[in-house]
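Okay, structure first, notes after.
Protein chains: 2
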Amino acid sequence: MGQGQGDYRILHEAALRDYLAEQPDLVTLLGAEPVSWSITEVGDGNLNLVFIVKGDRGGVAVKQALPYVRLVGESWPLPLSRAHYEYLSLSKQAQLAPGLVPALLHHNEALALTVMELLEPHIIMRKGMVAGTQYPRFVDDITSFMARTLFFTSDLALSAAEKKQGIAAFAGNHALCKITEDLIFTDPYRIAEQNRWTSPYLDALAAELREDMELHVAVSRLKLKFMASPEALLHGDLHTGSIMVTDGQTRVIDPEFAFYGPMGFDVGAVLANLLMAYFASAGHERSPGERQVFEDWVLGTVEQVWNEFARKFLELWRDEAAGDAYPISLFAGEKGAARLEAERQAYMRRLFTDTVGFAAAKTIRRIFGLAHNIDFELIEDPKKRAFSEARAVRLARGLMVEAAAAFRTIADVTGAARKLRDWMPELSG
Amino acid sequence: MGQGQGDYRILHEAALRDYLAEQPDLVTLLGAEPVSWSITEVGDGNLNLVFIVKGDRGGVAVKQALPYVRLVGESWPLPLSRAHYEYLSLSKQAQLAPGLVPALLHHNEALALTVMELLEPHIIMRKGMVAGTQYPRFVDDITSFMARTLFFTSDLALSAAEKKQGIAAFAGNHALCKITEDLIFTDPYRIAEQNRWTSPYLDALAAELREDMELHVAVSRLKLKFMASPEALLHGDLHTGSIMVTDGQTRVIDPEFAFYGPMGFDVGAVLANLLMAYFASAGHERSPGERQVFEDWVLGTVEQVWNEFARKFLELWRDEAAGDAYPISLFAGEKGAARLEAERQAYMRRLFTDTVGFAAAKTIRRIFGLAHNIDFELIEDPKKRAFSEARAVRLARGLMVEAAAAFRTIADVTGAARKLRDWMPELSG
Numbered sequence: 195m196g197q198g199q200g201d202y203r204i205l206h207e208a209a210l211r212d213y214l215a216e217q218p219d220l221v222t223l224l225g226a227e228p229v230s231w232s233i234t235e236v237g238d239g240n241l242n243l244v245f246i247v248k249g250d251r252g253g254v255a256v257k258q259a260l261p262y263v264r265l266v267g268e269s270w271p272l273p274l275s276r277a278h279y280e281y282l283s284l285s286k287q288a289q290l291a292p293g294l295v296p297a298l299l300h301h302n303e304a305l306a307l308t309v310m311e312l313l314e315p316h317i318i319m320r321k322g323m324v325a326g327t328q329y330p331r332f333v334d335d336i337t338s339f340m341a342r343t344l345f346f347t348s349d350l351a352l353s354a355a356e357k358k359q360g361i362a363a364f365a366g367n368h369a370l371c372k373i374t375e376d377l378i379f380t381d382p383y384r385i386a387e388q389n390r391w392t393s394p395y396l397d398a399l400a401a402e403l404r405e406d407m408e409l410h411v412a413v414s415r416l417k418l419k420f421m422a423s424p425e426a427l428l429h430g431d432l433h434t435g436s437i438m439v440t441d442g443q444t445r446v447i448d449p450e451f452a453f454y455g456p457m458g459f460d461v462g463a464v465l466a467n468l469l470m471a472y473f474a475s476a477g478h479e480r481s482p483g484e485r486q487v488f489e490d491w492v493l494g495t496v497e498q499v500w501n502e503f504a505r506k507f508l509e510l511w512r513d514e515a516a517g518d519a520y521p522i523s524l525f526a527g528e529k530g531a532a533r534l535e536a537e538r539q540a541y542m543r544r545l546f547t548d549t550v551g552f553a554a555a556k557t558i559r560r561i562f563g564l565a566h567n568i569d570f571e572l573i574e575d576p577k578k579r580a581f582s583e584a585r586a587v588r589l590a591r592g593l594m595v596e597a598a599a600a601f602r603t604i605a606d607v608t609g610a611a612r613k614l615r616d617w618m619p620e621l622s623g
Numbered sequence: 195m196g197q198g199q200g201d202y203r204i205l206h207e208a209a210l211r212d213y214l215a216e217q218p219d220l221v222t223l224l225g226a227e228p229v230s231w232s233i234t235e236v237g238d239g240n241l242n243l244v245f246i247v248k249g250d251r252g253g254v255a256v257k258q259a260l261p262y263v264r265l266v267g268e269s270w271p272l273p274l275s276r277a278h279y280e281y282l283s284l285s286k287q288a289q290l291a292p293g294l295v296p297a298l299l300h301h302n303e304a305l306a307l308t309v310m311e312l313l314e315p316h317i318i319m320r321k322g323m324v325a326g327t328q329y330p331r332f333v334d335d336i337t338s339f340m341a342r343t344l345f346f347t348s349d350l351a352l353s354a355a356e357k358k359q360g361i362a363a364f365a366g367n368h369a370l371c372k373i374t375e376d377l378i379f380t381d382p383y384r385i386a387e388q389n390r391w392t393s394p395y396l397d398a399l400a401a402e403l404r405e406d407m408e409l410h411v412a413v414s415r416l417k418l419k420f421m422a423s424p425e426a427l428l429h430g431d432l433h434t435g436s437i438m439v440t441d442g443q444t445r446v447i448d449p450e451f452a453f454y455g456p457m458g459f460d461v462g463a464v465l466a467n468l469l470m471a472y473f474a475s476a477g478h479e480r481s482p483g484e485r486q487v488f489e490d491w492v493l494g495t496v497e498q499v500w501n502e503f504a505r506k507f508l509e510l511w512r513d514e515a516a517g518d519a520y521p522i523s524l525f526a527g528e529k530g531a532a533r534l535e536a537e538r539q540a541y542m543r544r545l546f547t548d549t550v551g552f553a554a555a556k557t558i559r560r561i562f563g564l565a566h567n568i569d570f571e572l573i574e575d576p577k578k579r580a581f582s583e584a585r586a587v588r589l590a591r592g593l594m595v596e597a598a599a600a601f602r603t604i605a606d607v608t609g610a611a612r613k614l615r616d617w618m619p620e621l622s623g
């Protein structure tokens, strides 16, 4: 901290070794001989450099932001300040959801560099799901993470002054928000250079979405909500590629898209990525029904993620509501308590509607936009992939356009998904 | 600007004269002999010092914030920074709605002092309405002010980055927002030391509101919307006491409550204060029907304020939508244009529902909360006053609880008001 922006330089292996060797706490952790440390660049994300550094005593992960989008190159600049917002939100999440994010070991604002606990033997959850692995801790951990980080940064837990300070502290992260606004809420619905899809099979479906004005209105409402509803501090990119897991542990990583936005965006991201894993599963089976147990687990997990999140969020609201919203003094006595409880349920119904809408937007962008995911991408046969994708899009279109009317409970969502499991859409080409 | 906070001191007459005499532009404007300037303190608001300064060439108005609430005294401190936010919002309003706010002549951040155009012979609109005066320019001017200041600071006109910068720039004004949160959205609905009402006549009605849980839910939803829906830069206190008028001119003053909030709060404030003037009118008549023409004008004005505001706002949206919300590229062709137009209408219906809800909250606070208004207060006979107030409350309760269902157009609101004009409620005492 305190270093000027002018001190930024990209730390490749040698420079990184020298830099870490100057940090006594890290030397203690890694082992006293920097020359013997192994340093491996492992970043498979779209934006940053990520190194794993191991010494004879221990290891760390080092993340450094680049001044551009790694996936695209210097032609797409992106502010280094995102490392600041990532550090700020990680610190907040560590406080609100202890044990569910990597421990922070070191941060250098000028270098846009953060050193964190090395997560080992954790793997990216998305990879595990492609392989058909079940994660028994996942529901409890991710719902605790979401319920606690969202509730405690909302108007239900904070004074209006604290809330406004929080909003202002993250307002500068608008370049990362803009990526979401463009790539999720806009480009997949129009001709855009960066769009791609499983062609030719989904050509007609892509064209259909570009002409579907009900869908355009629905996604535009979601976009406006994303931009102008600072309900809580979001992770902002909570897909299964931002979650590292073992059988017994869950860690949420990479909150560089953090800002104050609508809660349903985070919850919807988790649900969307589970639903995509479900629809992709048919494309990964080597024999019919091979992954049925896994698929049942996925849909059960979709239901439990919503139900447990809602239960924990409501429990926090009942027990720890210190915020300026819904002041308890207006709901005194038995009658007041009953009316407030009914309003809590109504609040959760509105949040559910937001959630399924955002889940739909997150799904469509992964099939027609710039950034795809390996759930679908690793299905080698493009026709099989297109079937899985078309089923996911069919559900997403319904979730977005008919959200409030047709999908009143999470069981309505999983029921619709199950019905589409073996649906054979007409493909182009 | 640039002076430290330590330079603050309260400028009473002599010190103010010395200070103004050091500002060459103001000396030019007022006249070269400071000793001959007349300086009169005229502040009748609740928060600040206001001086009128006149020399042989011209006059100015000087507003200085006090570090506490003037109405209450030093026991209720209030940050001087509100003068900064007032200056910031006045500058923005002057740019967006030229000619509808007083011209800014001088600002001293450290002294929390602003010198403005002297509005003469303008009077506070509320005073004119108590006297039964009609203002032919009012509808056109106030709807231009609202449509332009709200539209051009919204996501419909700004990029998401500009919008977030705007929100952050006003986030520090939370102490003023807190006054609104407490005095408008909370205290009138519970026992609070600062509440008062026309007692004993409204005692039973006050008790009824404190037990009315449907109303408490409705006002709590509005409070949450006020805190967490930064749709546009609001004036934040847009009642008829913040509007100065002549037959031919309208000037909106005193935006120290400015912040990014829900548009309906400003529009609702105007409607509420017109409706209160309507209900108060019966209490000011010396013979039955004496003020009928005025009352018809008021209700006609209520209708026109909404209709003209909506018309101008929609016109701006059609012609000047440069913002990130509802991107035009998603609504191409005839079919797209038609669907977007339908969505604009739906947007205005949602805004109308917000507006009548906020109008109701603004009404109830003036009858049961700390700050009352002279529309009612100048009705000398307390029983007559209570009748007028009870009618306004009856309408407000309906607007807040049944807003979307029962009041679909502004004519529904004025129709309900007209029916209540001669309603004789049962009073206490």
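Sequences listed follow chains A and B, in order. Everything in the first sequence is counted per this note's numbering, starting at 195 for the first residue and increasing by one. Everything in the second sequence is counted per this note's numbering, starting at 195 for the first residue and increasing by one. Each residue gets a CB set at the ideal place from its N, CA and C atoms; glycine is no exception.
Apart from sequence neighbours up to five positions away, the residues of its chain that approach B:Thr-343 with a beta-carbon distance below 6 Å are Gln-287, Leu-290, Ala-291, ordered along the chain. Within chain A, the residues Ala-365 have their CB atoms less than 7 Å from the CB of B:Gln-359, given in chain order. A direct Cα-Cα distance of roughly 10 Å separates B:Glu-502 from B:Met-340. Looking from the CA of A:Val-464, the closest CA among A:Gly-623, A:Leu-416, A:Thr-557 belongs to A:Thr-557. Taken in chain order, the complete alpha helix (DSSP H) segments of 4 or more residues contained in the segment 250-314 of chain B are 275-290. Taking each of B:Phe-546, B:Pro-482, B:Leu-534 in turn and checking the Cα distance to B:Ala-504, the smallest one comes out for B:Phe-546.
The beta carbon of A:Pro-521 falls within 7 Å of a beta carbon belonging to chain B, placing the residue at that interface. Taking 7 Å as the Cβ-Cβ cut-off, the segment 369-386 of chain A approaches chain B at Cys-371, Lys-372, Glu-375, Thr-380, Tyr-383, Arg-384, given in chain order.
Identification of residues in the segment 511-543 of chain B having a C-beta nearer than 7 Å to some C-beta of chain A yields Asp-518, Ala-519, Tyr-520, Pro-521, Ser-523, Leu-524, Phe-525, Lys-529, Gly-530, Arg-533, Glu-537, given in sequence order.
Following the DSSP letters along the chain, one finds B:Ala-540 inside the alpha helix (DSSP H) bounded by residues 527-562.
Per the DSSP secondary-structure output, B:Thr-444 pairs in a beta bridge with B:Val-439. Scanning chain A for C-beta atoms nearer than 8 Å to the C-beta of B:Glu-425 yields Ala-422, reported in chain order. Taking 3 residues as the minimum length, the beta strand (DSSP E) runs contained wholly in the segment 201-250 of chain A are 232-235, 242-248, in order along the chain. CA-CA distance, A:Arg-533 to B:Ser-414, rounds to 12 Å.
About 4 Å separates the beta carbon of B:Tyr-279 from that of B:Asn-367, a gap short enough to meet the 8 Å contact definition. CA-to-CA, the gap between B:Gly-477 and B:Val-236 works out to about 27 Å.
At a cut-off of 7 Å between beta-carbon atoms, B:Met-470 makes no contact with chain A. DSSP assignment within the segment 328-397 of chain A yields the following whole alpha helix (DSSP H) runs of 4 residues or more, N-terminal first: 332-345, 354-364, 368-377.
Taking a C-beta cut-off of 7 Å against chain A, the contacting residues of the segment 396-422 of chain B are Met-407, His-410, Val-411, Ser-414, Lys-417, Leu-418, Met-421, Ala-422, listed in chain order.
In the structure shown, A:Gly-326 falls within a coil segment according to DSSP collapsed to helix, strand and coil.
Proximity to B:Ala-363 across B:Lys-419, B:Gly-435, B:Ile-318, B:Phe-453 peaks at B:Phe-453, based on C-alpha coordinates. A:Ala-354 belongs to the set of residues whose beta carbon lies under 7 Å from a beta carbon in chain B.
Two segments are said to touch when three or more pairs of C-beta atoms, one from each, lie closer than 8 Å; by this definition the segment 372-390 of chain A touches the segment 549-567 of chain A. Take A:His-316, set aside five residues on each side of it, and the residues of its chain with a beta-carbon closer than 8 Å to its own are Met-438, Val-439, Thr-440, Gln-443, Arg-445, in chain order. Sequence-distant Cβ neighbours of A:Ala-277 in its own chain, meaning closer than 6 Å and more than five residues away, are Ala-259, Ala-306. Given a length threshold of 3 residues, each whole run of the beta strand (DSSP E) inside the segment 452-537 of chain B is given here in chain order: 453-455. Take A:Gly-322, set aside five residues on each side of it, and the residues of its chain with a beta-carbon closer than 8 Å to its own are Tyr-329, Val-439, in chain order. CA-to-CA, the gap between A:Ile-336 and B:Ala-610 works out to about 50 Å.
For A:Ala-597, the three-state secondary structure derived from DSSP is helix. Short of 7 Å from the beta carbon of A:Ser-230, and not among the five residues preceding or following it, lie these beta carbons of its own chain, in chain order: Gly-249, Asp-250. Distance from A:Leu-614 to A:Gly-551 at the Cβ level is roughly 18 Å; contact not present, criterion being Cβ atoms closer than 8 Å.
Bridge pairing for A:Ala-584: absent [DSSP]. Counting of Cβ neighbours within 10 angstroms places B:Glu-405 among the exposed residues, the total staying below 16. The shortest CA-to-CA distance from A:Leu-294 to any of A:Phe-570, A:Pro-482, A:Asp-575, A:Ser-436 is the one to A:Ser-436. Along the segment 337-354 of chain B, the positions whose C-beta sits under 7 Å from a C-beta of chain A are Asp-349, Ala-354, read in chain order. Nearest neighbour of B:Val-256 by Cα position, chosen from B:Ser-275, B:Pro-273, B:Leu-299, B:Pro-271, turns out to be B:Leu-299.
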